[in-house]
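What follows is a short report on a single structure.
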Amino acid sequence: MNKIAFMAIASLAIAACGTTGTNNVKVLQDSTIKIHDEIMPQIAHFDRDAVKIDSILNNLKSLKAAKADLDTIATKKELGILKANLESATDHMMDWMKEYKPDSTDIKYFEAELQKVSDMKKIFDAVSKESQDKLKNF
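Residue numbers in the sequence shown follow the numbering used here, run continuously in steps of one, and reach 200 at the last position.
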């Protein structure tokens with residue numbers, strides 16, 4: 063009788079541990095996707111900003127005529143760097159999405175993915191601010 067009770071308690075304990083692990087994976091996965099979903103809409107803004115940069119760069123002569131104090135060399139350099147940053151952030155997200163394995167049950171995998179996407183959010187936020195600051199005068 064004691065063996066049966068012990069086995070029942072042990073089985074429940076093992077099952078509970080498995081459920082906790084699954085719940086932890088689900089929490090991490092949900093947190094990862096939540097951050098991803100916050101970042102994704104910024105890609106459309108980044109694409110529009112890249113098109114705007116191309117337009118500005120193609121019209122630098124006429125912009126210079128309208129604003130005599132415009133440093134076209136510095137503007138070209140700054141906007142080129144900004145466009146590269148916008149494209150890099152977008153490419154980073156696309157690469158992450160290709161490599162993401164939502165069916166994984168490994169908690170360490172989701173801990174790492176949560177860290178990756180959190181770092182990516184910081185990059186997206188910084189590039190978004192940079193873009194707003196540099197393009198507000200155009």
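Cβ atoms here follow ideal geometry from the backbone N, Cα and C, with glycine treated the same way.
Computed from a predicted model, the values in this text were never measured in an experiment.
Might you give, ordered along the chain, the residues of its own chain that have their beta carbon closer than 7 Å to the beta carbon of N147, omitting 5 neighbours on each side? For this step, residue 147 is matched to residue 85 along the sequence shown. Only V189, E192 meet the Cβ criterion.
So, helix, strand or coil for L132, using DSSP? In the sequence shown, residue 132 corresponds to position 70, counting from 1. Note: L132 maps to coil in three-state DSSP.
Could you check whether the region 163 to 182 touches the region 103 to 110, counting it as contact only if at least three pairs of C-beta atoms, one from each stretch, sit closer than 8 Å? no
Quick one: any contact between the region 121 to 131 and the region 152 to 170, if contact means 3 or more CB pairs under 8 Å? By the criterion of at least three beta-carbon pairs nearer than 8 Å, the region 121 to 131 is not in contact with the region 152 to 170.
Whole angstroms are fine: how far does the CA of D181 sit from the CA of A136? Within the sequence shown, residue 136 is the residue found at index 74, counting from 1. Within the sequence shown, residue 181 is the residue found at index 119, counting from 1. Their Cα atoms are separated by approximately 30 Å.
Can you find the residues in the same chain that come closer than 7 Å, C-beta to C-beta, to D195, ignoring five residues on each side of it along the sequence? Working through the sequence shown from its first residue, we reach residue 195 at position 133. Nothing listed; no residue qualifies.
As assigned by DSSP and simplified to three states, the class of Y171: Position 109 of the sequence shown, counted from the start, is the residue given in the question as residue 171. In this structure, Y171 counts as helix in the three-state DSSP scheme.
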